[in-house]
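Participant:
In mature numbering (1 follows the signal peptide of the UniProt record, and there is no 0), the protein residues as written are -16 to -1, 1 to 242.
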C-alpha cells in the first residue's frame, strides 16, 4: 500500500497528458452526440499517468474515445471480438484520437466493418503456354511445437508420402472465486485520482486504465488527508480495512471512489 501512495505522489508532480474522452452512447457520463464524427474536437480528459489515446469504432456505428496508461505503438490497430465487435486504434500524441480508425479497415464505413477481406486477382491470358513444375523434396521435414499450460506437446512430422500428427495434452481445471457482483467495464475502469481531496466534483482529476480492477479511497492518519486512485488488484466491492498508513476502502465501478 505504501508503494501505491509513493507512486501517486510521483505521478502528481508530472505533466498531464490530454486525450479526447467521449462516448456516443447516451447512457454514458461522457456522452456527446458528436463523438462519432471524424475530426472530433470536443470533450477531453487529462491525467499525469496517461501516455496514449485511443478510439473504439463499433460494428453498430457507436464510437468511444479515451486515454490509458499502457504503452502502444503509434497507429496500432486491434480487432476486438465482443457482443458488438469493434476496432481500437492507438496514438501517442496529445488529443490525437480524433479520427475513426480509418487506417485500420481501409476506410470502410464503420457501421459495416467485417473481419473478412476480399482479394481480387486479375489474370491476363497470353498466347504462349505457361508451365509450372513442382518438385517435392525427398527429405522429411519435422516441425515440433511445445506449449505449456502445465504441459502440452504437439509434434508434426511431414514427408512426401505420409503425414503423422501426435498430440498429447494435459488440461488444468480453472477455479473461479466470485468477489463481487459488479463487473469491471470492458473499456477500462475509471477512478478518481487525486491527493488531498476530501470531496470530489466535475473538476476532480480521474484516470482510466484497462488494468484497473478496483478503485480505492485512502484516509491517512490523524490529519485525515484523503487520496483517491485506481488499483490493479481485484477487491470485493465495499471492502475496507486499517493499515499503518491509514484506512483503505475499495469499490468496483466507474468513479465509485467518490
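A virtual CB, placed ideally from N, CA and C, is assigned to each residue, including glycine. In this text, all values refer to a predicted model and were calculated from it rather than measured experimentally.
Assuming residue 214 and residue 196 are in contact, meaning their beta carbons sit under 8 Å apart, how far apart are those beta carbons, in whole angstroms?
Facilitator: In the chain shown, residue 214 corresponds to position 230, counting from 1. In the chain shown, residue 196 corresponds to position 212, counting from 1. That pair is a contact at about 4 Å.
Participant: Kindly list the residues whose CB is nearer than 7 Å to the CB of residue 85, restricted to its own chain and excluding five residues on each side of it in sequence; keep chain order.
Facilitator: The residue given as residue 85 occupies position 101 in the chain shown. Excluding positions up to five away in sequence, the list reads 39, 41, 61, 71, 73.
Participant: Tell me whether residue -2 is buried or exposed, calling it buried when 16 or more other Cβ atoms sit within 10 Å of its Cβ.
Facilitator: Translated into positions along the chain shown, residue -2 becomes position 15. Exposed: under 16 other Cβ atoms inside 10 Å.
Participant: Measure the alpha-carbon distance for residue 9 versus residue 228 and round it to whole angstroms.
Facilitator: Your numbering for residue 9 matches position 25 in the chain shown. Your numbering for residue 228 matches position 244 in the chain shown. Using only the alpha carbons, I get a separation of about 43 Å.
Participant: Would you call the region 181 to 198 and the region 9 to 25 in contact, with 3 or more CB pairs under 8 Å?
Facilitator: no
Participant: Based on DSSP bridge pairs, tell me the residues matched to residue 204.
Facilitator: Your numbering for residue 204 matches position 220 in the chain shown. Beta-bridge pairing links residue 204 to 209.
Participant: Checking the sheet assignment: what are the DSSP bridge partners for residue 30?
Facilitator: Counting from one through the chain shown, the residue named residue 30 turns up at place 46. Answer is 2.
Participant: Grouping DSSP H, G and I as helix and E and B as strand, with all else coil, what is residue 61?
Facilitator: In the chain shown, residue 61 corresponds to position 77, counting from 1. Residue state, collapsed to three classes: strand.
Participant: From residue 237 to residue 87, what distance separates their C-alpha atoms?
Facilitator: Locating residue 237 in the chain shown gives position 253, counting from the first residue. Locating residue 87 in the chain shown gives position 103, counting from the first residue. If you draw a straight line from the Cα of residue 237 to the Cα of residue 87, it comes to about 33 Å.
Participant: Would you mind giving the Cβ-Cβ distance between residue 5 and residue 29, rounded to the nearest angstrom? I have them listed as a contact below 8 Å.
Facilitator: Position 21 of the chain shown holds residue 5. Position 45 of the chain shown holds residue 29. That belief holds up - the Cβ atoms of residue 5 and residue 29 are roughly 3 Å apart, short of 8 Å.
Participant: Using only the alpha-carbon positions, how far apart do residue 192 and residue 89 sit?
Facilitator: In the chain shown, residue 192 corresponds to position 208, counting from 1. In the chain shown, residue 89 corresponds to position 105, counting from 1. Those two C-alpha atoms are separated by around 26 Å.
Participant: What does the alpha-carbon distance come out to for the pair residue 199 and residue 58?
Facilitator: The sequence position of residue 199 within the chain shown is 215, counting from 1. The sequence position of residue 58 within the chain shown is 74, counting from 1. Residue 199 and residue 58: Cα-Cα distance of roughly 29 Å.
Participant: Please say whether residue 69 and residue 43 have beta carbons closer to each other than 8 Å?
Facilitator: Mapped onto the chain shown, residue 43 falls at position 59. Mapped onto the chain shown, residue 69 falls at position 85. Here residue 43 is near residue 69, since their CB atoms are less than 8 Å apart.
Participant: Buried or exposed for residue 248, please, with buried defined as at least 16 other CB atoms from any protein chain shown within 10 angstroms of its CB.
Facilitator: For the chain, the structure presents residues -16 to 242; residue 248 sits outside this window and is missing.
Participant: Going along the chain, which residues of its own chain have a beta-carbon closer than 7 Å to the beta-carbon of residue 82, five neighbours each way excluded?
Facilitator: The count along the chain shown starts at 1 and reaches residue 82 at position 98. Answer for residue 82: 4, 23, 24, 25, listed in chain order.
Participant: For the beta strand (DSSP E) containing residue 248, list its first residue and its last residue.
Facilitator: Residue 248 is absent from the structure shown; the chain starts at -16 and stops at 242.
Participant: Once the 5 residues before and after residue 232 are set aside, which same chain residues still bring their CB inside 7 Å of it?
Facilitator: Within the chain shown, numbered from 1, the residue matching residue 232 stands at position 248. Here the set comprises -16, 200, 202, 224, 225.
Participant: Decide if residue 96 is buried, meaning its Cβ has at least 16 other Cβ atoms within 10 Å, or exposed.
Facilitator: Numbered from its first residue, the chain shown carries residue 96 at position 112. For residue 96, the predicted structure reports a pLDDT of 38, less than 50, and the residue's modelled location is therefore unreliable. A value from the coordinates is still provided. Classification of residue 96: exposed, given that the 10 Å Cβ count is below 16.
Participant: Quick one, which of 212, 218, 65, 220 has its alpha-carbon nearest residue 239's?
Facilitator: Position 255 of the chain shown, counted from the first residue, corresponds to residue 239. Per the Cα distances, 212.
Participant: Following the continuous beta strand (DSSP E) through residue 42, name the residue where it begins and the one where it ends.
Facilitator: On the chain shown, position 58 is the one that residue 42 refers to. Counting along the chain, the unbroken beta strand (DSSP E) around residue 42 starts and ends at 36 to 42.
Participant: Looking at the strands, I want to know which residues DSSP matches up with residue 173.
Facilitator: Numbered from its first residue, the chain shown carries residue 173 at position 189. 193, per the DSSP bridge assignment.
Participant: Considering residue 48, what are the terminal residues of the beta strand (DSSP E) in which it resides?
Facilitator: One-based indexing of the chain shown puts residue 48 at position 64. Note, residue 48: beta strand (DSSP E), 47 to 52.
Participant: What's the call for residue 282, buried or exposed, on a 16-neighbour Cβ count within 10 Å?
Facilitator: Look at the range of the chain in this structure, -16 to 242, and you will see that residue 282 is not part of it.
Participant: For residue 87, does the three-state DSSP call read helix, strand or coil?
Facilitator: Taking the chain shown and counting its residues from 1, the one referred to as residue 87 is at position 103. Reduced to three states, the DSSP call for residue 87 is helix.
Participant: In its own chain, which residues sit with a C-beta less than 6 Å from the C-beta of residue 294, not counting the 5 before and 5 after it?
Facilitator: Because the chain is modelled from -16 through 242, residue 294 falls outside the range shown and cannot be assessed.
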